[in-house]
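Single-structure report; data block below.
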Amino acid sequence: MGDPINSSIKNFCSEIGTEGPVAVEGGKTRWNLNGFPQKDTHFVKAPEGILSAKPDEMIVTALTGTTVAELHKELGRFGQRTCLPEREEQLEEQ
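Numbering (the working numbering), first residue to last: 2 to 95.
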């Protein structure tokens with residue numbers, strides 16, 4: 002069985018390509034800090050999902066695009082959560 006992290010990263014790299022501007026699109030909660038990407042930007046989503054949870058050890062492995070809400074939902078199954086705030090607001094391009 003292949004490594005799920007490596008295969009996700011390989012898929013992500015092939016999606017990005019080799020030319021032109023690229024922006025990783027998440028929840029767009031921080032785009033107001035540095036401005037919105039230019040119009041011809043190729044948008045990609047970061048790999049998301051929870052790969053494993055070990056509640057007895059308080060360890061969770063999640064991919065970079067996983068939201069805090071998703072993380073809390075998974076951890077909630079074990080009566081756990083993080084102290085990270087959930088952000089639902091999205092900034093719209095002006």
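All residues carry an ideal CB built from backbone N, CA and C; glycine is no exception. All figures in this text were calculated on a predicted structure; none of them were measured in a lab.
At the C-beta level, L64 and I51 come within 9 Å of one another.
Looking only at V23, E20, P56, V45, the smallest Cα-Cα distance to S9 is reached by V45. Counting the other CB atoms within 10 Å of its CB gives L72 a total of 16 or more, which places it among the buried residues.
Spanning the alpha carbons of A54 and K11 requires a straight line of approximately 23 Å. Here E75 is buried, its C-beta having at least 16 other C-beta atoms within 10 Å. In this model, N7 and P48 are separated by some 11 Å (Cα to Cα).
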